[in-house]
Amino acid sequence: MSGEAAAGGGGEANGVQPNVTIYINNLNEKIKLEALKKSLNAVFSQFGKIIEVLAFKTLKHKGQAWVVFEDVASATEALKRMQDFPFYDKPMKIQYAKTKSDVIAKADGTFVPREKRKRNDEKPEKKQKREQHHDVNQAGVGMHAYPGAYGAPPLPFGAGPKVMMPEIIVPNNILFVQELPHDATALMLQMFFCQYPGFKEVRMIEAKPGIAFVEYGDEGQATAAMNLLQGFKIKENPMRITYAKK
DNA sequence: AGCACA
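Residue numbers for the first sequence follow this note's numbering, so the first one is 186 and each next one is one higher.
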């Protein structure tokens with residue numbers, strides 16, 4: 186057999202070496218920097234410890250960000266799994282960063298202040314003709330990037346010895362959030378959920394700590410937010426998000 | 001499109 190593994194989009198296909206830092210572009214430029222960085226954190230922290238997220242608003246750097254992981258394995262996983270992931274309605278394009286992040290160089294002892302930094306003598310290898318393979322979708326874009334994202338929520342077991350009819354939860358504009366810290370407030374949750382388009386409100390129930398309902402304008406918006414925040418840790422454990430029952 | 005370190 187041909188031993189060629191499909192060298193997926195980004196990374197080595199572009200002649201860029203694996204790096205603890207990933208470079209992301211095609212980001213939605215309308216999103217405020219702070220929200221953008223927070224969302225990137227939310228979405229990428231599942232792959233490992235994040236040291237830093239950088240993004241800038243200058244013309245030259247709009248729509249781009251760098252996420253610095255603690256190790257290359259996390260970066261690689263993130264690159265592969267989140268390639269083309271619809272983030273604020275645009276598929277993220279992810280590559281390894283071309284150079285070492287300052288925060289890493291500083292830890293390394295190899296940091297050289299910017300103006301004194303001299304270019305590497307090693308000229309990069311001549312660029313190979315780039316063939317455009319289109320094998321995206323290692324993770325199934327926007328669909329099942331998160332295992333369990335669409336998992337059935339626990340059944341309400343008040344139901345007696347009836348026939349076991351698994352509740353079918355139909356996608357809709359209201360999310361059901363579970364496993365929140367018991368002292369989480371609606372305001373706190375709002376900080377996360379309001380970052381995504383179509384956000385309307387967070388509702389919590391006094392008598393039932395640890396859960397919340399979050400409403401969006403439509404199902405697509407709710408789905409986007411769910412995918413982006415699925416498993417995000419507000420304090421300790423990852424929250425679980427499903428659609429609310431109608 | 002665009003690889004920086006405010």
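Note that the Cβ used here is the ideal one computed from N, Cα and C, for glycine as well.
{"Query": "Inter-stretch contact (C-beta, 8 Å, three-pair minimum) for the stretch 403 to 410 and the stretch 216 to 228", "Result": "no"}
{"Query": "Residues that DSSP places opposite residue 411 in a beta bridge", "Result": "Answer is none; residue 411 lacks a bridge partner."}
{"Query": "Residues near residue 375 by beta carbon distance below 7 Å, same chain, minus five either side", "Result": "387"}
{"Query": "Contact check, residue 273 vs residue 213, beta carbons under 9 Å", "Result": "yes"}
{"Query": "Closest residue to residue 283 among 247, 252 and 275 (Cα-Cα distance)", "Result": "252"}
{"Query": "Through-space distance from residue 279 to residue 423, alpha-carbon basis", "Result": "24 Å"}
{"Query": "Contacting residues, own chain, Cβ-Cβ under 6 Å from residue 275 (five flanking each side not counted)", "Result": "211 and 213"}
{"Query": "Which residues DSSP lists as bridging residue 361, in chain order", "Result": "398 and 427"}
{"Query": "Contacting residues, own chain, Cβ-Cβ under 8 Å from residue 296 (five flanking each side not counted)", "Result": "287 and 290"}
{"Query": "Strand pairing of residue 271, partner residues [DSSP]", "Result": "276"}
{"Query": "Paired residues, beta bridge with residue 376 - DSSP", "Result": "BP columns for residue 376 are empty, so no partner."}
{"Query": "Where residue 225 sits in the DSSP three-state scheme", "Result": "helix"}
{"Query": "Anticipated Cβ contact below 8 Å, residue 263 with residue 353, distance rounded", "Result": "Not really, about 32 Å apart at Cβ, beyond 8 Å."}
{"Query": "Reduced DSSP secondary structure (H/G/I, E/B, other) of residue 212", "Result": "coil"}
{"Query": "Rounded straight-line distance, which links the Cα of residue 238 to that of residue 225", "Result": "8 Å"}
{"Query": "Terminal residues of the alpha helix (DSSP H) in which residue 297 lies", "Result": "Segment: none, residue 297 is in no alpha helix (DSSP H) and carries neither H nor E."}
{"Query": "With 16 other Cβ atoms within 10 Å as the buried cut-off, status of residue 415", "Result": "buried"}
{"Query": "Alpha-carbon to alpha-carbon, residue 394 and residue 430", "Result": "18 Å"}
{"Query": "Nearest-angstrom Cα separation, counted from residue 426 out to residue 200", "Result": "38 Å"}
{"Query": "Contacting residues, own chain, Cβ-Cβ under 7 Å from residue 223 (five flanking each side not counted)", "Result": "380"}
{"Query": "Nonlocal neighbours in the same chain, by C-beta distance under 6 Å from residue 204, ignoring five residues either side", "Result": "281 and 282"}
{"Query": "Every unbroken alpha helix (DSSP H) within the stretch 245 to 270, with a cutoff of 4 residues, ordered by chain", "Result": "257 to 267"}
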